[in-house]
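Asks:
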Ligand SMILES: C[S@@+](CC[C@H](N)C(=O)[O-])C[C@H]1O[C@@H](n2cnc3c(N)ncnc32)[C@H](O)[C@@H]1O
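In my numbering, the protein residues as written are 1 to 239.
Printed below as a string of structure tokens:
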């Protein structure tokens with residue numbers, strides 16, 4: 001029996017409050033508990049997007065803004081970060097305040113991935129890093145991503161996945177289920193780091209995500225596993 005709800009409106013409410021609560025320690029726990037590999041994965045995502053200067057980017061579930069800051073350091077683009085947790089956005093805005101002389105063209109807005117507060121056909125790219133798994137309804141969100149992308153615009157999703165290497169999976173699952181929640185509970189909301197491995201367990205596998213993209217009118221779908229398949233980049237183009 002799962003401890004948490006993994007779909008629907010109640011999941012959304014739980015997730016919003018959880019990220020509000022863990023926001024002060026989110027960045028530091030990411031770096032420490034992933035041994036820095038989260039940064040490598042986000043860079044892989046950005047590389048895979050093939051961004052060109054002057055394009056417009058929407059980073060959904062931006063959290064504390066790490067993907068946007070990395071993108072805008074490299075490219076001269078207009079970026080918007082959207083998140084449902086106001087407290088995660090407060091941290092993103094504090095980080096923006098510190099670098100605003102170097103990085104302009106960044107805006108953070110509060111909103112729901114399943115009901116984007118934007119007009120149609122606006123963005124060249126949408127990316128979502130470790131946020132997709134947390135959404136209440138994947139298909140509703142994909143319809144929204146499709147709506148606000150320009151025709152030919154690109155969607156890039158980075159998310160945890162289950163490694164197909166039995167050996168690696170054993171080691172990783174031990175760390176993810178036993179060590180990580182204990183260490184994290186010393187400084188952050190304990191159930192959040194039990195939700196994390198459970199949410200990965202209940203997240204659909206790569207072929208299902210690929211089918212969701214296909215049935216929501218994305219074409220040229222590509223799947224790129226990272227680090228023995230512990231994380232995966234999914235890509236699709238708006239048809
Ligand atoms: C694990 S964090 C990822 C943050 C950031 N993208 C990163 O790579 O560090 C997941 C984020 O998804 C956000 N989120 C969850 N459900 C959402 C929704 N329905 N709409 C917008 N953001 C959502 C959470 O508030 C949280 O900030």
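Beta carbons: idealized from backbone N, C-alpha and C, even for Gly.
(1) Return the first residue and the last residue of the alpha helix (DSSP H) that residue 48 is part of.
(2) Would the beta-carbon of residue 84 be found less than 7 angstroms away from any heavy atom of ligand 1?
(3) Considering residue 186, what are the terminal residues of the beta strand (DSSP E) in which it resides?
(4) Please confirm whether residue 206 and residue 161 have their CB atoms less than 8 angstroms apart.
(5) Identify which residue in 230, 74 and 108 has its Cα closest to the Cα of residue 82.
(6) Among the residues of its own chain, which have a CB less than 6 angstroms from the CB of residue 209, if the five just before and after it don't count?
(7) Leaving out five residues before and five after residue 9 in sequence, what residues of the same chain have Cβ atoms less than 7 angstroms from its Cβ?
(8) Roughly how many whole angstroms lie between the Cα atoms of residue 67 and residue 77?
(9) In or out: residue 94 buried (at least 16 other Cβ within 10 Å) or exposed?
(10) In angstroms, rounded to a whole number, what distance separates the CA positions of residue 220 and residue 186?
(11) Apart from the five residues on each side of it in sequence, which residues of its chain come closer than 6 angstroms, Cβ to Cβ, to residue 251?
(12) Please name the residue, chosen from 228, 13, 140 and 47, that lies closest to residue 127 on a Cα-to-Cα basis.
(13) Would you kindly report the start and end of the unbroken beta strand (DSSP E) that includes residue 8?
(14) Around the Cβ of residue 153, are there at least 16 other Cβ atoms within 10 angstroms (buried) or fewer (exposed)?
(15) Hey, is the region 99 to 119 in contact with the region 139 to 152, meaning 3+ C-beta pairs nearer than 8 angstroms?
(16) For residue 239 and residue 3, I'd like the C-alpha separation in whole angstroms.
(17) Starting from residue 159, trace the beta strand (DSSP E) both ways and give me its first and last residue.
Replies: This is what the structure gives:
(1) As a first step, residue 48 must be located in the chain shown, where it is residue number 48. First-last of the alpha helix (DSSP H) with residue 48: 37 to 48.
(2) Translated into the one-based positions of the chain shown, residue 84 becomes position 84. For ligand 1, at least one heavy atom lies less than 7 angstroms from the Cβ of residue 84.
(3) By 1-based counting over the chain shown, the position of residue 186 is 186. Looking at the DSSP string, residue 186 is not in any beta strand (DSSP E), and its letter there is neither H nor E.
(4) To locate residue 206, count along the chain shown from 1; it is residue 206. To locate residue 161, count along the chain shown from 1; it is residue 161. Yes. Within cutoff.
(5) Taking the chain shown and counting its residues from 1, one reaches residue 82 at position 82. The candidate whose alpha carbon is nearest that of residue 82 is 108.
(6) For this step, residue 209 is matched to residue 209 along the chain shown. These residues qualify, in order along the chain: 234.
(7) In the chain shown, residue 9 corresponds to position 9, counting from 1. The answer, listed in chain order, is 136.
(8) Position 67 of the chain shown, counted from the start, is the residue given in the question as residue 67. Position 77 of the chain shown, counted from the start, is the residue given in the question as residue 77. Roughly 13 angstroms between the two C-alpha positions.
(9) Position 94 of the chain shown, counting from 1, holds the residue named residue 94. Under this definition residue 94 is an exposed residue.
(10) Taking the chain shown and counting its residues from 1, the one referred to as residue 220 is at position 220. Taking the chain shown and counting its residues from 1, the one referred to as residue 186 is at position 186. Rounded to whole angstroms, residue 220 to residue 186 spans 44 angstroms at the Cα level.
(11) Past the boundaries of the shown model lies residue 251; the chain is included only from 1 to 239, so the question cannot be answered.
(12) Counted from its first residue, the chain shown places residue 127 at position 127. Of 228, 13, 140 and 47, the residue nearest in Cα terms is 47.
(13) Taking the chain shown and counting its residues from 1, the one referred to as residue 8 is at position 8. Careful: residue 8 lies outside any beta strand (DSSP E), inside the alpha helix (DSSP H) at 8 to 22.
(14) Counting from one through the chain shown, the residue named residue 153 turns up at place 153. Buried: at least 16 other Cβ atoms inside 10 Å.
(15) Touching, yes.
(16) Within the chain shown, the letter at position 239 stands for residue 239. Within the chain shown, the letter at position 3 stands for residue 3. Rounded to the nearest angstrom, the two C-alpha atoms are 38 angstroms apart.
(17) Here residue 159 corresponds to residue number 159 of the chain shown, with the count starting at 1. It spans 149 to 160 - the beta strand (DSSP E) in which residue 159 sits, taken as one unbroken run.
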